[in-house]
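Everything on this sheet refers to the single structure shown next.
Number of protein chains: 2
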Amino acid sequence: MKSSMKPQYEARAKIIKAMAHPSRLFIIEELNKNERCVGELTEMVGADTSTVSKHLSVLKNAGLVTDEKRANSIYYALRCPCIMNFIGCVEDVLTAKAEDHKKIMKSCRK
Amino acid sequence: MKSSMKPQYEARAKIIKAMAHPSRLFIIEELNKNERCVGELTEMVGADTSTVSKHLSVLKNAGLVTDEKRANSIYYALRCPCIMNFIGCVEDVLTAKAEDHKKIMKSCRK
DNA sequence: GTCATATTTGGCCATATAGCCAAATTGCCA
DNA sequence: TGGCAATTTGGCTATATGGCCAAATATGAC
């Protein structure tokens with residue numbers, strides 16, 4: 006690929022990589038419904054606070070979420086809800102994969 | 006998160022993870038324009054054939070691409086072009102991030 | 001100031017990934 | 001059948017990641 010394009014692909018990959026973790030996907034979905042503070046998310050995810058904090062820092066670093074200090078907590082919010090549209094497509098891929106699998110199974114029984 | 010949901014998040018994360026690499030993003034874009042064989046992609050990406058082959062196997066494993074043997078080459082194609090819509094959103098995130106950065110810079114100069 | 005609560009950071013280990021080279025495999029065609 | 005071309009696989013190293021625990025760092029209340 007053109008070397009001038011490389012930084013752009015790297016920037017995109019960094020953002021996508023930030024989404025590429027089960028707990029972080031869960032967090033993204035929750036934040037799409039409601040802003041949340043670290044404590045709430047920690048309880049919902051069911052992992053160590055430090056682990057969740059690090060996940061949030063990954064998301065923030067990628068620019069996917071924003072954080073705001075309020076009262077004695079830090080509230081995180083999803084920055085670009087369009088991210089959620091993508092999940093639908095991911096589900097499509099999963100469905101397509103499942104269909105293929107079914108086809109293969111069927112041809113094996115012949 | 007509900008433990009019953011965990012496999013679903015893991016499945017989604019696996020697909021997103023497969024996209025989370027600069028070369029693979031490049032390959033996805035190319036395959037969106039045209040199906041391509043390994044040799045062509047190798048030249049376009051500019052890496053070792055074995056490296057590109059492994060990238061393709063990651064994409065295939067995730068269900069993002071299909072492969073078809075033809076003549077003496079294997080042609081890969083993008084399975085769900087909707088994936089491409091997502092890139093637009095990723096760009097939005099990058100823009101939002103850049104805007105923030107500008108704001109911060111501005112407030113520093115005050 | 002001191003305490004308690006909320007969050008982040010550092011340290012550590014186990015695991016996964018990307019990349020190259022070399023070797024194995026697969027399929028076409030003379 | 002033998003060889004060539006395309007692709008995949010194995011082996012290796014360096015690097016990054018996720019997770020927990022423990023420690024550090026805010027921030028608000030008294």
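Taken in order, these protein sequences are the chains called A and B.
The numbering of the first sequence is my numbering, which starts it at 6 and goes up by one.
The numbering of the second sequence is my numbering, which starts it at 6 and goes up by one.
All C-beta atoms, glycine included, are put in the ideal place defined by N, C-alpha and C.
| Query | Result |
| --- | --- |
| Proximity of residue 24(A) and residue 31(B) at Cβ, strictly below 7 angstroms | no |
| Three-state class that DSSP yields for residue 75(A) in the structure shown | strand |
| Short CB-CB distance (under 7 angstroms) between residue 30(B) and chain A | yes |
| Test item: CB-CB of residue 70(B) and residue 81(B) under 7 angstroms | yes |
| Sequence-distant residues of its chain with Cβ nearer than 6 angstroms to residue 73(A) (five each side left out) | 80 |
| Buried versus exposed, by CB contacts within 10 Å (16 or more), residue 8(B) | exposed |
| Contact between the stretch 99 to 109 of chain A and the stretch 98 to 108 of chain B (3+ Cβ pairs under 8 angstroms) | no |
| Spatial neighbours of residue 34(A) in its chain, beta-carbon cut-off 8 angstroms, leaving aside the 5 residues before and after | 89 and 92 |
| Whether residue 26(B) touches residue 18(A) by CB criterion (7 angstroms) | yes |
| Residue burial classification, residue 28(B) (beta-carbon count within 10 angstroms, cutoff 16) | buried |
| Residue environment, residue 68(B), which counts as buried when at least 16 other CB atoms sit within 10 Å | buried |
| Residue(s) in a DSSP beta bridge with residue 80(B) | 42(B) and 73(B) |
| Residue 115(B) at chain A interface by Cβ criterion, 7 angstroms | The predicted model places residue 115(B) with a pLDDT of 46, which falls under 50 and marks its position as unreliable; any figure quoted below should be read in that light. Not closer than 7 angstroms to any Cβ of chain A, the Cβ of residue 115(B) fails to qualify, so no. |
| Closer than 7 angstroms to chain B by CB, residue 95(A) | yes |
| Interface partners of residue 144(B) on chain A, CB under 8 angstroms | In the structure as shown, chain B begins at 6 and stops at 115. Residue 144(B) is therefore absent and cannot be evaluated. |
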